[in-house]
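This report concerns only the one structure given below.
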Amino acid sequence: MSSEWRGPVLVTGTDTDVGKTIVTAAIAASAQAAGLRVAVLKPGQAGTGPGGLSDIDVVNRLAAPATARTLAVYPDPLAPLAAARVAELPPLELYTVVDEVRAEAEKHDLVLVEGAGGLLVPMGLRPSGSPWTVADLAVTLDAQAVVVSRAGLGTLNHTALTLEALERRGVSAGVILGAWPPEPELVHWENLSELLPTMVGALPDGAGAMDPGVFQRSAPGWLTPPLYGVLDDWRTWAEEVS
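Taking my numbering, I'd label the letters of the sequence shown as residues 636 to 877.
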């Protein structure tokens with residue numbers, strides 16, 4: 636993973652609420668600081684976060700990318716396909732999303748596509764009527780993927796399963812810890828050690844609550860050079876954020 640990531644990049648996670656949106660914002664901020672034109676797409680927004688903010692609202696506040704769009708909005712906090720069904724709204728069609736991502740890739744250096752929940756959550760329907768997932772989108776776009784993981788107990792299994800699913804599909808991926816605790820315990824250090832070979836970044840807990848200017852200045856320090864960061868010494872990083 637020595638070269639910089641360009642074109643479409645999928646941001647997925649080992650589960651819901653692992654920090655995908657804040658990680659997406661951090662990558663966007665870091666890439667923009669490096670001079671790239673960045674787009675962020677959210678194929679399906681199901682429900683909203685604290686204060687009624689959508690994920691794109693959060694990304695806009697923290698990183699202000701050149702383009703930030705949501706393709707479909709559903710009121711209930713469910714998997715997007717289920718949310719569409721419950722709301723009696725049209726489900727996301729795979730190739731509609733593919734076309735939207737490719738159109739933005741023609742106008743931007745980097746297109747970050749934030750999924751919903753984990754890698755295999757049903758996002759919408761194919762023309763055949765069968766469900767598709769973020770993994771399917773990554774394969775269709777020939778995109779790389781960022782897997783956002785937890786730092787605590789249970790993350791090794793969840794992360795390994797997600798990486799294996801991507802590897803079986805031929806998708807290159809790197810791991811970012813979504814929230815490194817201010818007072819890490821033994822389990823956090825051991826997990827960090829196990830995940831280091833796959834990691835391309837780690838964010839401090841509470842990064843999403845930062846002032847946007849501070850967030851944008853800090854983001855490159857949380858990410859490795861392939862994601863336009865400057866992080867190359869994990870020991871120094873751990874000392875600074877702990």
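Where is the CB? At the ideal position from N, CA and C, for every residue including glycine.
Continuous alpha helix (DSSP H) stretch holding residue i: start and end
i      : result
Lys742 : It is not in any alpha helix (DSSP H) - Lys742 carries neither H nor E in the DSSP assignment.
Val849 : 847-853
Ala663 : 655-668
Ala751 : No alpha helix (DSSP H) holds Ala751; DSSP gives it neither H nor E.
Val781 : Val781 -> not in any alpha helix (DSSP H); beta strand (DSSP E) instead, spanning 779-784.
Val693 : 690-698
Asp868 : Element bounds for Asp868: n/a, residue is neither H nor E.
Glu639 : Where Glu639 is concerned, there is no enclosing alpha helix (DSSP H), given that its DSSP letter is neither H nor E.
Thr790 : 790-803
Leu713 : Looking at the DSSP string, Leu713 is not in any alpha helix (DSSP H), and its letter there is neither H nor E.
Residue i burial status per 10 Å Cβ neighbour count (16 or more: buried)
i      : result
Pro685 : exposed
Pro678 : buried
Tyr709 : buried
Val721 : exposed
Tyr730 : exposed
Pro712 : exposed
Gly764 : exposed
Leu676 : buried
Arg852 : exposed
Thr626 : Look at the range of the chain in this structure, 636 to 877, and you will see that residue 626 is not part of it.
Asp771 : buried
Leu866 : buried
Ser665 : buried
Gly687 : exposed
Gly759 : buried
Thr790 : buried
Pro757 : buried
Endpoints, beta strand (DSSP E) assigned at residue i
i      : result
Pro678 : 673-681
Leu645 : 642-648
For residue i, the residue or residues it bridges with in DSSP
i      : result
Ala594 : Any answer about residue 594 is impossible in this case: the structure gives the chain only from 636 up to 877.
Met834 : Val810
Val708 : Gln680
Glu728 : Leu760
Pro766 : Leu760
Trp886 : This structure does not reach residue 886, given that the chain is present from 636 up to 877, and the question cannot be answered.
Leu858 : Gly836
C-beta contact flag for residue i and residue j at 8 Å
i      : j      : result
Leu727 : Phe850 : no
Leu754 : Thr768 : yes
Ala780 : Ala808 : yes
Val835 : Gly813 : no
Val644 : Leu801 : no
Leu838 : Trp869 : no
Asp840 : Pro817 : yes
Leu788 : Val822 : yes
Ala662 : Leu798 : The residue you asked about is not Ala; residue 662 is Ile in the sequence shown. No. Outside cutoff.
His793 : Thr649 : yes
Pro700 : Ala674 : yes
Arg641 : Asp777 : no
Glu749 : Val653 : no
Thr705 : Ile691 : yes
Tyr863 : Glu639 : yes
Ala786 : Trp815 : yes
Pro725 : Ala681 : no
Ala773 : Val736 : no
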